[in-house]
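Take the sequence shown: its position 59, counted from the start at 1, is 59 in this note's numbering, and no numbers get skipped.
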Amino acid sequence: MVLLNTAMLHQIRRIRTGVGAEPHQRITHVGGGSVPRVWVLPVEQAIRGMEQGLWCFCVLEDSRFLPVVIATSPSGQKYLKTAADDEQPDHLLALPECRLGQGGSPADESSELPC
């Protein structure tokens, strides 16, 4: 029997950052899609959706598909990084910053956002 992952795959194209002592603490939101179907999520919600099997995320770099995974810091905090990253989420931190705005979820890619 073959089990298929039924989670929807979404490309993260932008991030929002905040203040954090460690690089993985700086990413507060991830976003993607394209106008008019743009979405943005708090990192905690993205992690919950991944854990529940609702969403899978990736980053594209130079035509390479980089899966986004959940990592755990030494202090026990969950955060997102790509499978190609070491401890720090360097590939996500290299993405452009989202402007402020309200956001939907990847399942609701109908919001027009400045992300």
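Yeah, the Cβ is synthetic: ideal placement off N, Cα and C, and Gly gets one too.
- Beta-carbon to beta-carbon, CYS58 and GLN11 are separated by about 6 Å, close enough to satisfy the 8 Å threshold.
- In this chain, the alpha helix (DSSP H) harbouring GLY49 covers 43-51.
- Only residues of its own chain outside the window of five on either side were considered, and among them THR17, GLY18, VAL19, GLY20 and LEU93 have a CB closer than 8 Å to the CB of ARG26, listed in chain order.
- ARG13 is positioned such that its CB atom lies closer than 9 Å to that of LEU95.
- For THR82, DSSP records a beta bridge to VAL68.
- SER34 and SER75 have their alpha carbons spaced roughly 35 Å apart.
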